[in-house]
Structure formats: structure tokens, C-alpha cells
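Asker: Next up is a structure, given as C-alpha cells.
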């Protein structure tokens with residue numbers, strides 16, 4: 021069990037560019053979550069997958085954001101036409117449906133939009 | 020609406036002493052779970068401790084204990100015998116909908132408390 025991994029760890033992009041982040045959950049975890057954390061705040065929920073189905077999206081997830089989880093394994097989060105307000109840490113977490121308690125978080129991808 | 024409040028932006032504690040980090044919550048769901056996570060400067064969220072709304076006893080995990088006062092809707096984290104490595108951000112979080120996470124099980128976080136341990 022290698023834990024949740026995220027790539028890249030850091031991304032600097034210019035405003036208007038598209039970016040894509042990847043999350044590899046703990047194997048056999050069927051639930052996967054994306055959160056966004058801005059400076060001085062706690063993480064905020066963006067979206068949730070159970071297996072390959074995206075079951076919930078926060079109103080924070082504007083039309084410029086899209087997330088996928090093909091085959092119920094890794095997930096990608098794409099931001100189109102990035103804005104400076106998108107600068108944040110993007111955290112991925114996974115859990116098993118039968119897991120009682122915790123979500124396991126990855127190290128995050130820090131996005132800076134210049 | 021569900022909400023987590025952490026009123027202490029920053030706390031200092033002397034090494035080897037105990038410290039309490041405050042957390043209050045608001046929910047209308049009778050079934051919920053409360054969590055504490057630690058976030059070092061590296062950024063990864065590390066799970067510390069969990070308390071279910073129907074648990075009769077306060078949760079403990081090593082040097083961490085959760086002081087759960089249901090009527091007051093508080094879930095304070097107590098760290099005993101602080102260590103220099105405890106310096107980090109600490110987040111209180113809540114999940115509604117039962118121990119299996121209800122509909123989706125996403126966490127609602129507070130703004131965090133920055134703990135600094137002094138040698």
C-alpha cells in the first residue's frame with residue numbers, strides 16, 4: 021500500500037492555459053474525492069467519485085473544471101482557461117466504501133497561475 | 020447548514036506540555052463523524068483521530084484525545100506531552116450521514132489552528 025499519489029506536485033501556468041492534475045488512489049479504494057485549499061483556509065470539497073461514477077459536484081466546480089475517473093482507478097482534474105483565482109492546493113483523497121473513518125489524502129498539487 | 024468553527028488561528032505550547040485545540044460544529048443531522056487532521060508544512064493531510072456522534076466514550080489515539088461534548092457541539096483535540104514535530108496546522112472536520120459516510124461522505128473543514136511547539 022503506497023498511499024495516495026498526486027502529480028505533478030507543483031504547477032506554474034499562465035492565465036488562460038489549461039492544466040491537468042492526476043490522482044492515483046490507494047488500490048481498491050472505490051471512493052475518490054477532490055478538494056481545493058487556498059491559503060489560510062481549510063480544504064473545500066470539489067467533487068466525489070464512487071468507482072467511475074461522478075456522484076457529487078460542489079458549486080465551487082465551475083464549468084471550467086472537469087474531473088474524470090475512467091475505469092474507477094486514477095482520476096484527473098482539468099482546469100480550462102485558468103484564472104488567477106484558481107491558484108490553490110488541489111488535494112485528492114480516497115477511501116473504501118466499507119471504511120469506517122478516514123479519508124487518506126495525497127500530498128496535493130500546488131497550482132500557481134501567473 | 021453544516022459548519023465547523025475553529026476560533027484559534029494560532030497557538031503556542033511549551034515542549035512536553037499538553038495543549039487543547041478548540042472546535043465547534045453545527046449540524047442538524049443526528050448521525051455524523053468528527054475528525055482531526057494534521058497538516059505539516061509539506062502539505063499532506065494526516066489523519067489523527069475520529070469521533071462518531073453515537074460514540075459513548077471520548078476517542079483516544081496515543082497522545083491525541085478528543086474531548087467530545089455533544090450538547091455543546093464541541094470536539095476539542097487534546098495533545099499531551101507536546102513534541103517539536105507537532106508543530107503544524109490542525110484541522111477539525113465533520114462528515115454527515117452516518118459512519119459509512121451517508122450519501123457521499125465528503126468532509127467539511129474548519130479554517131485550522133496553527134500550533135507552534137517551543138523548545
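Protein chains in written order, with this note's numbering: chain L, 21 to 134; chain A, 20 to 138. Ideal Cβ positions, reconstructed from N, Cα and C, are used throughout, including at glycine.
Under a Cβ-count criterion, where at least 16 other Cβ atoms within 10 Å of its own Cβ denotes burial, should residue 119(A) be classed as buried or exposed?
Answerer: Position 100 of the second chain, counted from the first residue, corresponds to residue 119(A). In this prediction, residue 119(A) scores a pLDDT of 49, lower than 50, which makes its location untrustworthy; the coordinate-derived value is nonetheless stated afterwards. It counts as exposed.
Asker: Between the Cα of residue 86(L) and the Cα atoms of 38(L), 30(L) and 31(L), which residue gives the shortest distance?
Answerer: Here residue 86(L) refers to the residue found at position 66 when the first chain is read from its first residue. Of the listed residues, the one whose Cα sits closest to residue 86(L) is 38(L).
Asker: Grab the span of the beta strand (DSSP E) containing residue 24(L) for me, first residue to last.
Answerer: The sequence position of residue 24(L) within the first chain is 4, counting from 1. Unbroken run through residue 24(L): none, as it is neither H nor E.
Asker: When the Cα atoms are used, what is the spatial distance from residue 102(L) to residue 67(L)?
Answerer: Taking the first residue of the first chain as 1, we reach residue 102(L) at position 82. Taking the first residue of the first chain as 1, we reach residue 67(L) at position 47. For residue 102(L) and residue 67(L), the distance between alpha carbons rounds to 18 Å.
Asker: For residue 105(A), which of helix, strand or coil comes out of DSSP?
Answerer: Within the second chain, the letter at position 86 stands for residue 105(A). Residue state, collapsed to three classes: helix.
Asker: Mind pulling the beta strand (DSSP E) runs of 3 or more residues that sit fully within the stretch 30-102 of chain A?
Answerer: Those beta strand (DSSP E) runs which fall completely within the stretch 30-102 of chain A and span 3+ residues are 38-40, 43-45, 51-58, 65-71, 83-88 and 93-98.
Asker: Taking beta-carbon pairs under 7 Å, can you tell me which members of the stretch 63-77 of chain L lie near chain A?
Answerer: Listed by position along the chain: 63, 65, 68, 75 and 76.
Asker: I want to verify the contact list: residues of chain A whose CB lies under 9 Å from the CB of residue 41(L), in sequence order.
Answerer: On the first chain, position 21 is the one that residue 41(L) refers to. Residues of chain A passing the Cβ test: none, with the nearest at roughly 14 Å.
Asker: Taking the runs of the beta strand (DSSP E) that are 3 residues or longer, which of them lie wholly in the stretch 38-123 of chain L?
Answerer: Correct list: 39-44, 51-57, 64-70, 73-77, 85-88, 95-99 and 108-115.
Asker: By the 10 Å Cβ neighbour count, where 16 or more other Cβ atoms means buried, how is residue 60(A) classified, buried or exposed?
Answerer: Sequence index remark: in the second chain, residue 60(A) carries index 41 (1-based). Counting Cβ neighbours within 10 Å, residue 60(A) comes out exposed, since fewer than 16 surround it.
Asker: Can you find a CB in chain L that lies within less than 7 Å of the CB of residue 62(A)?
Answerer: On the second chain, residue 62(A) is found 43 positions in, with the first residue counted as 1. Answer yes: the Cβ-Cβ gap between residue 62(A) and chain L drops below 7 Å somewhere.
Asker: Count the other C-beta atoms from every protein chain shown that fall within 10 angstroms of the C-beta of residue 38(A), then say buried if there are 16 or more, exposed otherwise.
Answerer: Residue numbering aside, residue 38(A) sits at position 19 when the second chain is read from its first letter. Its Cβ being crowded by 16 or more others within 10 Å, residue 38(A) is buried.
Asker: Hey, is the stretch 103-115 of chain A in contact with the stretch 45-54 of chain A, meaning 3+ C-beta pairs nearer than 8 Å?
Answerer: The answer is yes - the stretch 45-54 of chain A touches the stretch 103-115 of chain A, with three or more Cβ pairs under 8 Å.
Asker: Which residue wins for smallest C-alpha separation from residue 128(A), given the options 72(L), 58(L), 34(L) and 46(L)?
Answerer: Position 109 of the second chain, counted from the first residue, corresponds to residue 128(A). Answer by Cα proximity: 58(L).
Asker: For chain A, check one thing: does any of its Cβ atoms lie closer than 7 Å to the Cβ of residue 48(L)?
Answerer: Counting from one through the first chain, the residue named residue 48(L) turns up at place 28. With 7 Å as the cut-off, residue 48(L) does not count as an interface residue toward chain A.
Asker: Note the first and the last residue of the continuous beta strand (DSSP E) segment covering residue 131(L).
Answerer: Translated into the one-based positions of the first chain, residue 131(L) becomes position 111. Residues 129-133.
Asker: Checking contacts by CB at 7 Å: is residue 26(L) closer than that to chain A?
Answerer: Locating residue 26(L) in the first chain gives position 6, where the first residue counts as 1. So, not an interface residue.
Asker: For residue 133(A), tell me which candidate among 21(A), 29(A) and 23(A) has the shortest Cα-Cα distance.
Answerer: As a first step, residue 133(A) must be located in the second chain, where it is residue number 114. The shortest Cα separation from residue 133(A) among 21(A), 29(A) and 23(A) belongs to 29(A).
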